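Residue numbers (my numbering): 13 to 824.
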């Protein structure tokens with residue numbers, strides 16, 4: 013971003029102190045946290061002052077790191093000759109004004125979202141629903157605070173043509189600071205509840221405060237409510253209702269079918285993927301927004317049907333004694349319990365389901381009624397046993413079978429042994445005050461601190477992105493081979509099953525057998541079947557790819573021995589990859605064999621594109637598709653069959669969607685890796701490999717680090733040792749100053765040779781200590797940066813992550 017210096021200073025009320033500043037100020041990075049800085053002379057640091065921190069304390073270190081521009085309320089006595097300070101009275105106020113100044117440089121439409129709950133969900137859903145048609149800038153995660161909103165708005169660039177920002181206020185008077193920053197043209201008010209009322213005199217006072225966000229909007233999209241009309245002009249409201257048939261937009265819910273009546277004239281149906289009342293309210297808000305923006309009714313219905321739950325803080329990991337553990341240790345209201353139990357059902361690995369639950373938060377309901385609902389909910393979900401912690405839950409669940417009650421978390425930890433948990437899926441759900449994180453730690457398997465975090469929401473988002481490019485009825489096969497591209501096959505397969513993916517693809521029979529043993533029932537195709545595994549494949553209902561006459565004869569022999577009838581097989585055609593598959597000259601013999609047997613049935617015919625990610629080979633890709641069509645037509649007409657046809661892989665879906673046929677095969681795109689910048693911008697990062705600093709030590713000039721003394725210090729340096737190495741899947745080529753990691757968000761070069769179980773990084777001038785987080789790859793350090801630098805492909809980096817690295821699955 014480029015600021016006119018004089019206008020910028022005038023806008024935020026700043027006095028320039030220090031080095032002479034040019035007429036235009038070129039800034040690449042806005043920061044309020046010294047730990048997250050990447051060294052850059054074009055960083056503008058705001059020295060915010062809080063109760064427990066003061067950004068001014070880090071200015072000297074930041075100058076050493078190359079930062080030249082600072083917003084301060086106090087100018088240091090000593091500073092470098094190239095450093096410029098913008099002195100203001102209040103750095104937080106200046107930070108907010110600077111964001112407002114940045115916003116004033118753009119005329120794009122902006123959706124501003126506020127409310128008591130549902131802000132993040134609606135924001136994420138609108139991003140999904142509209143991202144095919146707009147270049148959207150949105151608030152990251154839940155950045156809706158006095159500092160989060162400015163940070164979000166600073167992300168606006170010329171490429172964006174729609175902003176979607178959420179705004180949260182907890183006190184009267186806060187919105188007046190945030191409205192000028194967001195300056196929404198379209199307002200959205202989500203549900204207003206009596207949660208978090210401490211900063212307001214009344215519910216009406218809360219609505220009045222939130223309504224200040226909409227003082228200059230062209231329209232306010234919200235539930236039809238007289239209280240809202242009191243503070244926003246009638247002519248601005250674009251309202252919806254689930255109860256008032258006279259509303260502009262009326263929704264009638266019958267199970268999972270939502271009938272929308274618009275302006276009492278148009279009626280259309282939407283199949284909602286989430287039918288609980290909170291989700292339906294958020295869906296109505298999204299439908300109203302799309303209607304206001306002029307979307308076609310059929311397109312609205314199609315995209316709404318692809319929505320997914322935006323569950324916060326749910327984390328799935330391995331527990332003691334072959335248990336799986338769901339960590340939801342930060343909330344305990346009824347609605348989030350519904351979501352957590354649904355997650356438990358979807359992701360359970362064991363038949364036994366255990367819930368550890370604290371007292372439940374409730375608002376506006378009788379306490380007795382709330383706990384009756386909780387009991388009914390637990391029973392409906394067939395929970396095997398319940399551990400209740402808290403005075404209220406101990407009172408109301410006292411007579412429930414298979415229930416064990418404790419008044420405090422300490423009492424639970426003192427009286428319960430880990431041996432009581434054996435081969436079960438355990439949901440740990442409690443309000444923050446109960447510190448259930450201690451229970452999670454108590455029940456987690458103890459491994460070294462290197463973990464691969466897998467974001468299931470991001471994975472679901474990516475699946476739905478590719479689905480949105482398909483015609484209605486086109487099937488999806490998802491590849492979960494190679495341990496789910498390194499991410500963990502069972503957990504991902506379970507999620508895909510619940511997302512109604514038609515087929516899963518594995519490389520070898522062993523992978524499919526493990527999925528079957530774990531309870532996955534979705535159809536599974538084995539892409540590289542070995543002849544000696546055919547009998548086991550039939551036993552576990554795994555469907556083979558057939559690519560040669562020899563292989564077909566071998567499978568027919570096994571199938572006859574096991575009395576199979578029309579066992580599904582998938583015929584692979586060679587079209588130019590020259591790996592395996594039937595060439596045209598072999599089709600006549602193949603037809604003769606298949607014509608006279610009822611032991612197998614051809615379920616699909618497919619081929620594999622070699623270069624769908626390479627624009628320079630577009631003609632070759634089209635030739636492959638033509639060859640496939642020609643040979644598949646010949647096969648089908650000769651056998652008088654109409655099986656599924658598929659040839660598109662991930663890049664094929666994105667670049668050649670018009671050839672999707674009956675099914676597509678989704679691979680690495682599911683994990684957030686596309687083949688160009690535009691495709692990557694539509695995807696979300698799924699996997700983050702991280703660990704923690706083991707030790708920090710200072711070394712003197714010329715001292716060496718690691719095997720072979722390959723690194724020698726040039727001056728006094730600070731070195732951090734990190735417990736991850738080539739046995740965990742880190743390429744040794746990434747060492748010796750080639751690669752880097754992020755330490756607390758800041759870049760730290762890898763020095764010396766990467767060892768089997770650890771590596772060393774230079775953290776000189778970085779603020780860090782033992783136990784601090786280190787990211788090997790993730791959202792801020794994409795795996796593609798590593799693969800490009802090492803002249804390889806992202807597949808190799810992801811699939812090399814060793815199984816000894818603990819996988820943690822979460823939804824945020």
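Even for Gly, the Cβ is constructed at its ideal location relative to N, Cα and C.
Since this is a predicted model, take the numbers as computed values, not measurements.
### Inter-residue spacing [alpha-carbon to alpha-carbon] between residue 489 and residue 612
Using only the alpha carbons, I get a separation of about 21 angstroms.
### Query
Between which two residues does the alpha helix (DSSP H) containing residue 795 stretch?
Element bounds for residue 795: 795-801.
### Query
Does the segment 567-583 come within contact of the segment 603-621, defined as at least 3 CB pairs closer than 8 angstroms?
Because the criterion of three Cβ pairs below 8 angstroms is met, the segment 567-583 and the segment 603-621 touch.
### Query
What separation, rounded to the nearest whole angstrom, lies between the Cα atoms of residue 412 and residue 441?
Roughly 18 angstroms separates the two Cα atoms.
### Task
Quick one: measure Cβ to Cβ for residue 68 and residue 93, integer angstroms, because I've assumed they're closer than 8 angstroms.
Rounded to whole angstroms, the Cβ separation of residue 68 and residue 93 is 20 angstroms, and the two are not in contact under 8 angstroms.
### Message
Using CA atoms only, rank isn't needed, just tell me which of 192, 748 and 695 is closest to residue 720.
### Response
Out of 192, 748 and 695, 748 has the C-alpha closest to the C-alpha of residue 720.
### Task
Would you list, in sequence order, the uninterrupted beta strand (DSSP E) runs of no fewer than 3 residues that lie entirely inside the segment 126-194?
The segment 126-194 contains these whole beta strand (DSSP E) runs: 148-150 and 174-178.
### Message
Whole angstroms are fine: how far does the CA of residue 475 sit from the CA of residue 512?
### Response
Taking the straight line from one Cα to the other gives about 11 angstroms.
### Message
Given a cut-off of 9 angstroms on the beta-carbon distance, is the pair residue 386 and residue 346 in contact?
### Response
In this structure, residue 386 lies near residue 346, with their beta-carbon atoms less than 9 angstroms apart.
### Query
Going by C-alpha distance, which of 302, 228, 218 and 221 is nearest residue 252?
Nearest C-alpha to residue 252 among 302, 228, 218 and 221: 302.
### Query
Should residue 9 be labelled buried (16 or more other beta-carbon atoms within 10 Å of its own) or exposed?
The first residue shown for the chain is 13 and the last is 824, placing residue 9 beyond what the model contains.
### Query
Of all the options 670, 629, 627 and 637, which has the alpha carbon lying nearest to the alpha carbon of residue 617?
Of the candidates 670, 629, 627 and 637, the residue whose Cα lies closest to the Cα of residue 617 is 637.
### Reduced DSSP category for residue 238 - H, G, I as helix; E, B as strand; rest coil
Under the three-state reduction of DSSP, residue 238 is assigned to helix.
### Task
Compute the distance between the beta-carbons of residue 583 and residue 555, then report whether it is under 9 angstroms.
Inclusion of residue 583 and residue 555 in the CB contact set at 9 angstroms is not warranted, their separation being larger than that value.
#### Entry: Length of the line joining the Cα atoms of residue 675 and residue 579
Spanning the alpha carbons of residue 675 and residue 579 requires a straight line of approximately 20 angstroms.
#### Entry: CA-to-CA distance, residue 523 to residue 577, given in whole angstroms
Rounded to the nearest angstrom, the two C-alpha atoms are 24 angstroms apart.
### Query
Should residue 463 and residue 773 be called a contact, given that it needs their Cβ atoms to be closer than 9 angstroms?
For the pair residue 463 and residue 773, the CB atoms are not nearer than the 9 angstroms cut-off.
### Message
Three or more C-beta pairs under 8 angstroms: does that hold for the segment 305-315 against the segment 796-807?
### Response
Because the criterion of three Cβ pairs below 8 angstroms is not met, the segment 305-315 and the segment 796-807 do not touch.
### Inter-residue Cα distance where the pair is residue 727 and residue 75
Distance between the alpha carbons of residue 727 and residue 75 is about 19 angstroms.
### Task
Please check the pair residue 192 and residue 291, which I expect to be a contact at CB under 8 angstroms, by giving their CB distance rounded to whole angstroms.
A Cβ-Cβ distance of about 32 angstroms is found for the pair residue 192 and residue 291, leaving them out of contact under the 8 angstroms criterion.
### Task
Buried or exposed for residue 815, please, with buried defined as at least 16 other CB atoms from any protein chain shown within 10 angstroms of its CB.
So residue 815 counts as exposed.
### Message
Can you find the residues in the same chain that come closer than 6 angstroms, C-beta to C-beta, to residue 809, ignoring five residues on each side of it along the sequence?
### Response
Counting only Cβ-Cβ distances below 6 angstroms, and skipping sequence neighbours, we find 795, 798 and 799.
### Message
Output needed for residue 30: all residues of its chain with C-beta closer than 8 angstroms, excluding positions within five of it in sequence on either side, in chain order.
### Response
The residues are 87, 91, 95, 96 and 97.
### Message
With three or more C-beta pairs closer than 8 angstroms as the rule, is the segment 420-437 touching the segment 357-376?
### Response
Touching, yes, given that three or more Cβ pairs across the two stretches are closer than 8 angstroms.
### Message
Buried or exposed, going by whether 16 or more other CB atoms sit within 10 Å of the CB of residue 22?
### Response
Residue 22 is exposed by the Cβ-count criterion.
### Query
Are the segment 656-663 and the segment 760-770 in contact at 8 angstroms, needing three or more beta carbon pairs?
These segments do not touch.
### Message
Do residue 540 and residue 557 have their beta-carbon atoms positioned less than 9 angstroms apart in this structure?
### Response
Taking a C-beta distance under 9 angstroms as the contact criterion, residue 557 and residue 540 qualify as a contact pair.
### Query
Residue ranges of each beta strand (DSSP E) run of no fewer than 3 residues wholly in the segment 430-468, ordered along the chain?
Entirely contained in the segment 430-468, the beta strand (DSSP E) runs reaching 3 residues are, in chain order, 437-441 and 463-467.
### Query
Are there 16 or more other CB atoms within 10 angstroms of the CB of residue 681, so buried, or fewer, so exposed?
With 16 or more other Cβ atoms within 10 Å, it is buried.
### Message
My assumption, with CB atoms under 8 angstroms, is that residue 593 sits in contact with residue 619. Please give the rounded CB distance.
### Response
Confirmed, Cβ separation roughly 6 angstroms.
### Task
Look at the Cβ atom of residue 402, then the Cβ atom of residue 419, and state whether they are nearer than 9 angstroms.
Contact: yes.
### Close-in-space but distant-in-sequence residues of the same chain around residue 688 (CB under 7 angstroms, 5 per side omitted)
Same-chain partners within the cutoff: there are none.
### Task
Please go through the same chain and pick out, in chain order, the residues whose beta-carbon is closer than 6 angstroms to the beta-carbon of residue 14, but skip the five residues on each side of it.
Cβ neighbours of residue 14 beyond the five flanking positions: 36 and 38.
### Closest Cα partner of residue 84 within the set 102, 72 and 78
Comparing Cα-Cα distances from residue 84 to each of 102, 72 and 78, the minimum goes to 102.
### Query
At what residues does the alpha helix (DSSP H) containing residue 574 begin and finish?
Counting along the chain, residue 574 falls outside any alpha helix (DSSP H), and DSSP gives it neither H nor E.
### Message
Quick check on residue 790: does DSSP put it in helix, strand or coil?
### Response
Residue 790: coil per DSSP, three-state reduction.
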